[in-house]
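Colleague: One gets our numbering by counting positions in the sequence shown from 1 and adding 1 to each.
Glycine included, every Cβ here is placed at the ideal spot set by N, Cα and C.
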Amino acid sequence: MNLDFKNKVVVITGGSKGIGLATAKKFLNANAKVVICGRSANNLQEAVQILGSDNSNLKTVQCDISYTNQVDNLFNITLNTFGNVDVLINNAAPTSWGPLIDEIDEEEWLEAVNSKLLGYIRCTKRAIDYMLHQKSGRIINIVGMGGRGPNKRYLTGGPINSAILTLTKALANHYGSQGILVTAISPGPIDTGHHENILNWMAKEAKISYQEAMDNFLSGVPLKRYGKPEEVASAIVFLASQDASFITGSEILVDGGRFRSL
Ligand SMILES: NC(=O)c1ccc[n+]([C@@H]2O[C@H](COP(=O)([O-])OP(=O)(O)OC[C@H]3O[C@@H](n4cnc5c(N)ncnc54)[C@H](OP(=O)(O)O)[C@@H]3O)[C@@H](O)[C@H]2O)c1
């Protein structure tokens, strides 16, 4: 496989932790110039320690994708630092598992839509501006199983993921002729810390222990374990590579077989 990204610029939203951080590491190892963003300066600082503080191919930008001016700043800094945007990984998102419909107020719905759905759209619009000039680019949207498998306790996240899948397909159809390939990856369950919150909810609801909730949950995963962030990152790097040059509009599930239907 050709996984050399020399002279390629990759922007990863939410690159300071979890799947985004593992993805940054893989791209840096493949010689890419990498920009990661996140809301917390501390998380970014910790990521720099992991990725290498003397790495001139790495740039961090404090940015909340819920705000257009901060996304503009992210892309302006990317261009000023590395001169281009070749790959955008839309990944940043809050956790949203738990409350039922009557426990979510309108403000929380608006906040959820504004961060993941509109956040991805803001970044996509800015990246496409540059990709159209060079008539090439890759946009990879990190979605999630809740986009296909509805769950009463994943109410804000699920519909937003469905919308991002629709967006992925529509943009792939629209921009394919201009060299911009748009794809999606649906991870889960991946061991990034989110599952603790989810298992706590499951344990509380079923009146069982945390361990029993975990055993029940993993019994529904054919590979009987959580995935590692690096296992999602490998699929992301593949979709950004030359070897994926005829793949657009597709969604890859990196879920240990958990999603059972076609
Ligand atoms: N882990 C799973 O099992 C799983 C399953 C399905 C889907 N996913 C999807 O995979 C993606 C990554 O999940 P993860 O598990 O790696 O999450 P994570 O470990 O919590 O990391 C999330 C990253 O996004 C950043 N972030 C959150 N909100 C942001 C915002 N508004 N603006 C900018 N950065 C923001 C966080 O940094 P700050 O907090 O400092 O901002 C952090 O760097 C998400 O889209 C998630 O929905 C994950």
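Taking 7 Å as the cut-off, decide whether the C-beta atoms of G180 and K136 are in contact.
Modeller: Contact: yes.
Colleague: Taking the runs of the beta strand (DSSP E) that are 3 residues or longer, which of them lie wholly in the stretch 226-251?
Modeller: Segments of the beta strand (DSSP E) lying fully in the stretch 226-251: there are none.
Colleague: Taking the DSSP output, what are the residues bridged to R139?
Modeller: Answer is V88 and L182, bridged to R139.
Colleague: Give me, in chain order, the residues of the same chain whose beta-carbon lies closer than 7 Å to that of C64; leave out the 5 immediate sequence neighbours on both sides.
Modeller: Same-chain partners within the cutoff: C38, Q71, V72, N74 and L75.
Colleague: Provide the residue span of the beta strand (DSSP E) that contains K34, from first to last.
Modeller: K34 to G39 is the span of the beta strand (DSSP E), which, as asked, contains K34.
Colleague: What are the residues that DSSP puts in a beta bridge with T61?
Modeller: DSSP, once it has assigned bridges, lists I37 as partnering T61.
Colleague: Per DSSP, which one or two residues make a beta bridge with I253?
Modeller: Partner(s): I186.
Colleague: For ligand 1, I want to know if D73 counts as a neighbour, meaning its beta carbon is within less than 6 Å of at least one of the ligand's heavy atoms.
Modeller: For ligand 1, not one heavy atom lies less than 6 Å from the Cβ of D73.
Colleague: From the DSSP output, in three-state form, read off V11 for me.
Modeller: Strand at V11.
Colleague: Helix, strand or coil: how does DSSP classify I191 here?
Modeller: The answer is strand: DSSP assigns I191 an E or B state.
Colleague: Assuming contact is defined by CB atoms lying nearer than 7 Å, are T24 and I237 in contact in what I supplied?
Modeller: Result yes, Cβ atoms of T24 and I237 sit closer than 7 Å.
Colleague: What span of residues does the alpha helix (DSSP H) with F218 cover, start to end?
Modeller: Its alpha helix (DSSP H) spans residues Y211 to S220.
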